[in-house]
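Following our numbering, the numbering of the sequence shown begins with 3 at its first residue and continues without gaps. A short worksheet on the structure shown next.
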Amino acid sequence: MSANGDFQDFKKQVLKASVQEIDEQAEHATVMWNFLIAFAAKKHFYRNLIIQVFNKLMQVPSWVAAWEVDVKLHEKVQTLHEDLQSAIGAQHEVLRKSIAPAASKSVTLVRMDERPEEVRLAIEREKIIDAIKEEVESEEWAPEEEIEAEVSAETSTHPALSALQDGIDAAIAIDDPSKMDSCGLSALNKLRIGCISCAGDDHLFSQELDNAPKVFNFLLSLLKQHKEFLNGVAEVINLLMASTWCSAFEKSQLLQERLRELPKPLQAALGLQSSKVLAHIDADARRMVAGGEVSDDMKIVADRMQSIRAPRMSGGYAQASKSGSKSVGIEKWKAAKTPEGHSYYYNSRTGESTWERPMELGGPLVYKSGDEVEVWSNGMRAWGKGKILQVKDDKVTAEFCLRDGSVARKELPCQHKDLRPAAAEAMQAWSSDEQEAYQSWFSAMKEGSSSSKPALQVSQFLWRSGLPREALKQVWAIANPGSRTSLSFEEFAKCCRLVAHCQALDADFVKRGDRPLRVRLRTECLHTRPPALPRFEKGA
């Protein structure tokens, strides 16, 4: 295993262990202190986690004693960057005495998020995140031992903000029921990790406020379809409603209506997470909360989320651009879709949401007889293609095909959310050249079956594209959003198409491999044929 993997395992074990359990391992203290210093000297990206480990180990008297008597450890820690020494020294008086005099003078000036009380809160957040990752047991896109490069600390986004963005992007990428079934839980877990990472830091949440309606719609749709995910949804709702995101919910009648569509016990469970949610649930659900009829699990969620979102400062990171708030002088309406595919519109300035298309985007939809449309079937949770048979006053009669092949009719108001114009094919089919090349590469993989291949083997094949790891991670996130351990031909072909686009894009843009690349790959590249087939080096 690589040094990164060794550290991650050590960190995980230390943070979740009790003081007594760590004390029982005191014979290994000197070796692990040496490892920790050596890792800190090279892996700047892990700074926050390294400080958490120092903080936790310094709560164990036997490990403090091991550090205090070993002069060589003191000499080694003084070789670290002075700023990092100060942050380490701030965790315990014994550590402060060990660092260089100049660093010791700066201990009282360390960033807010690196002060001991804040680090202890961060430890609690990290323990929850580790538990989520263990619970999911998802496959990484590539084996750890093959990953030695890491994102530069100087050029990367704040790690917590990056985690939040990953969760948001995973949620808003789900735009039909089939994706919800296959990738909904994975997206929820990414959201949980992102929200827990940012808990209490409203500066980070505010940078993503424009995505609030889409994320709330995802959460409500997921819970409506999968009540077994209540705990995870409740965690996220609790944290979002304690941030500036609550304003988007409070201003949106559409979201409040969708909340009240949930069964009353689910409404009550969410109401317990926030007084601002409680104010908008059904009266019977509010009585359930008042009467203590909500499960103890939901009370535990509320208490635990409260404990990790104590108010904190931004931690010394660069402030967001003033333009990030997107405050404008005119109404700024945007179109979006729920995970079921229902279109809605929200105003990024006022926070208002509506099912009916506003005048700024073309006004109410107009239908005529013969128009091709799609109609939503609640029973089958799917859209059926059909035609308008009749338009009378503000209502239409549509005939459409259900998923089982039967034909149905519905009369609906013209602006009803269950009626929409027939959509063009969202994704261009594989060209004959794509089909031939992708099938050839897929079939050549020795492991797996004719219909699916192990994710590990696919990831090893993608390495041969020569793309940087940062870009391949984005390719993998889009083609395999559910982190499945085996990929079908269709998913493999998506990987190949995205690789081809990356090879044709600006090299610097691809190398950064951050959110703009992920968004472009998902919204543009996935749906269009690449200018040329992807290039892969021949395997050994």
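Beta carbons: idealized from backbone N, C-alpha and C, even for Gly. Fair warning: this is a prediction, and the values are worked out from it, not measured in the lab.
| task | Compare the C-alpha of L535 against each of E295, Q437, P518, H529 and name the closest. | result | Position 533 of the sequence shown, counted from the start, is the residue given in the question as residue 535. Of E295, Q437, P518, H529, the residue nearest in Cα terms is Q437.
| Using the C-alpha atoms, what's the distance from R127 back to R117? | In the sequence shown, residue 117 corresponds to position 115, counting from 1. In the sequence shown, residue 127 corresponds to position 125, counting from 1. Computed Cα separation, rounded: 15 Å.
| Given 8 Å as the limit, is there contact between the segment 282-296 and the segment 230-249, that is, 3 or more CB pairs closer than that? | no
| request: Name the residue from W35, D203, Q227 whose alpha carbon lies nearest to the alpha carbon of M114. | output: The count along the sequence shown starts at 1 and reaches residue 114 at position 112. For M114, the nearest C-alpha among the options comes from D203.
| said: Measuring only the C-alpha atoms, how far is L97 from D72? | reply: In the sequence shown, residue 97 corresponds to position 95, counting from 1. In the sequence shown, residue 72 corresponds to position 70, counting from 1. Computed Cα separation, rounded: 12 Å.
| Does the distance from the C-beta atom of S445 to that of S452 stay below 9 Å? | Position 443 of the sequence shown holds residue 445. Position 450 of the sequence shown holds residue 452. Result yes, Cβ atoms of S445 and S452 sit closer than 9 Å.
| field | Distance, N380 Cα to V398 Cα | value | On the sequence shown, position 396 is the one that residue 398 refers to. On the sequence shown, position 378 is the one that residue 380 refers to. In a straight line, the C-alpha of V398 is about 18 Å away from that of N380.
| query | Nearest to A89 by CA position, among V112, M182, G169, is which residue? | reply | The sequence position of residue 89 within the sequence shown is 87, counting from 1. The candidate whose alpha carbon is nearest that of A89 is V112.
| What are the boundary residues of the beta strand (DSSP E) that includes W378? | Reading the sequence shown from its first residue, position 376 is the one you call residue 378. It spans 374-379 - the beta strand (DSSP E) in which W378 sits, taken as one unbroken run.
| request: Can you tell me which of the three DSSP states S249 falls into? | output: Stepping through the sequence shown from its first residue, residue 249 is reached at position 247. Three-state result, S249: helix.
| Can you give the Cα-Cα distance for A479 and S254, rounded to whole angstroms? | For the purposes of this step, residue 479 is taken as residue 477 along the sequence shown, with counting starting at 1. For the purposes of this step, residue 254 is taken as residue 252 along the sequence shown, with counting starting at 1. Cα to Cα, A479 sits roughly 31 Å from S254.
| task | For G234, count neighbouring C-beta atoms within 10 Å of its own C-beta (all shown protein chains included) and say buried if the count is 16 or more, exposed if not. | result | Translated into the one-based positions of the sequence shown, residue 234 becomes position 232. When all chains shown are included, G234 counts as buried.
| message | I need the DSSP call for W69, collapsed to helix, strand or coil. | response | The residue given as residue 69 occupies position 67 in the sequence shown. Helix, per DSSP.
| Based on the DSSP output, what are the partners of R411 in its beta bridges? | Residue 411 sits at position 409 when you count from the first residue of the sequence shown. Answer is E401.
| field | Through-space distance from L528 to L469, alpha-carbon basis | value | For the purposes of this step, residue 469 is taken as residue 467 along the sequence shown, with counting starting at 1. For the purposes of this step, residue 528 is taken as residue 526 along the sequence shown, with counting starting at 1. Distance between the alpha carbons of L469 and L528 is about 17 Å.
| query | Q459 lies in the beta strand (DSSP E); which residues open and close that run? | reply | Mapped onto the sequence shown, residue 459 falls at position 457. Element bounds for Q459: not the beta strand (DSSP E) but the alpha helix (DSSP H), 457-465.
| task | Assign A384 to one of three DSSP states: helix, strand, or coil. | result | Along the sequence shown, read from residue 1 onward, the residue named residue 384 stands at position 382. Here A384 sits in strand by DSSP.
| task | Determine the burial state of R499: buried for a count of at least 16 other Cβ atoms within 10 Å of its Cβ, exposed for fewer. | result | Within the sequence shown, the letter at position 497 stands for residue 499. So R499 ends up on the buried side.
| Among E84, S350, E230, I101, nearest to Q209 - alpha-carbon criterion | Translated into the one-based positions of the sequence shown, residue 209 becomes position 207. It is S350 whose Cα lies nearest to the Cα of Q209.
| Cβ neighbours of V2 in the same chain (closer than 7 Å, five flanking residues each side left out) | The first residue shown for the chain is 3 and the last is 542, placing residue 2 beyond what the model contains.
| If you check the beta carbons only, do W357 and Q417 fall under 9 Å apart? | Residue mapping note: residue 357 aligns to position 355 of the sequence shown, counting from 1. Residue mapping note: residue 417 aligns to position 415 of the sequence shown, counting from 1. In this structure, Q417 lies closer than 9 Å to W357 by Cβ.
| message | Suppose the cutoff is 8 Å on Cβ atoms and the five residues either side in sequence are ignored; what does the same chain contact list for A162 look like? | response | Translated into positions along the sequence shown, residue 162 becomes position 160. Sequence-distant partners of A162 (beyond 5 residues in either direction) whose C-beta falls short of 8 Å from its own C-beta, in its chain, are G196, S199, C200, D203, L206.
| Which partner residues does N349 have in the DSSP bridge list? | Looking up residue 349 in the sequence shown gives position 347. Answer is W335, bridged to N349.
| task | Measuring alpha carbon to alpha carbon, tell me which of I131, M60, R531 ends up nearest K14. | result | Counting from 1 along the sequence shown, the entry for residue 14 is found at position 12. It is I131 whose Cα lies nearest to the Cα of K14.
| Is it the case that the Cβ atoms of L414 and Q476 are separated by a distance below 9 Å? | In the sequence shown, residue 414 corresponds to position 412, counting from 1. In the sequence shown, residue 476 corresponds to position 474, counting from 1. Cβ atoms of L414 and Q476: not closer than 9 Å.
| query | Taking three-plus beta-carbon pairs below 8 Å as touching, is the segment 176-187 in contact with the segment 335-349? | reply | yes
| Nearest-angstrom Cα distance between S100 and K74? | Here residue 100 corresponds to residue number 98 of the sequence shown, with the count starting at 1. Here residue 74 corresponds to residue number 72 of the sequence shown, with the count starting at 1. Between S100 and K74, the C-alpha separation is close to 10 Å.
| field | Cutoff 8 Å; reference K370; Cβ partners in own chain excluding five residues on either side | value | In the sequence shown, counting from the first residue as 1, residue 370 sits at position 368. Correct list, in chain order: I390, V393.
| query | Bridge partners of T356, per DSSP? | reply | As a position in the sequence shown, residue 356 is number 354, starting the count at 1. Y347, per the DSSP bridge assignment.
| If you draw a straight line from the alpha carbon of D508 to that of P63, how long is it in whole angstroms? | Stepping through the sequence shown from its first residue, residue 508 is reached at position 506. Stepping through the sequence shown from its first residue, residue 63 is reached at position 61. D508 and P63: Cα-Cα distance of roughly 54 Å.
| request: Excluding the 5 residues preceding and the 5 following D373 in the sequence, name in chain order all residues of the same chain whose CB lies nearer than 6 Å to its CB. | output: Position 371 of the sequence shown, counted from the start, is the residue given in the question as residue 373. Excluding positions up to five away in sequence, the list reads I390.
| task | Provide the residue(s) that pair with S490 in DSSP beta bridges, ordered along the chain. | result | In the sequence shown, residue 490 corresponds to position 488, counting from 1. For S490, which the question treats as bridged, DSSP gives the partners S454.
| For F12, which residues of its own chain have a beta-carbon under 6 Å away from its beta-carbon, when the five flanking residues on both sides are left out? | As a working mapping, residue 12 is identified with position 10 in the sequence shown. Counting only Cβ-Cβ distances below 6 Å, and skipping sequence neighbours, we find nothing.
| Limits of the alpha helix (DSSP H) - the one that R113 falls within | Along the sequence shown, read from residue 1 onward, the residue named residue 113 stands at position 111. Unbroken run through R113: none, as it is neither H nor E.
| field | Unbroken beta strand (DSSP E) run spanning P532, endpoints | value | Translated into positions along the sequence shown, residue 532 becomes position 530. From DSSP, P532 is part of no beta strand (DSSP E); its letter is neither H nor E.
| query | Hey, quick one: how far does the alpha helix (DSSP H) through R422 stretch, first residue to last? | reply | Residue mapping note: residue 422 aligns to position 420 of the sequence shown, counting from 1. It is not in any alpha helix (DSSP H) - R422 instead sits in the beta strand (DSSP E) that spans 421-423.
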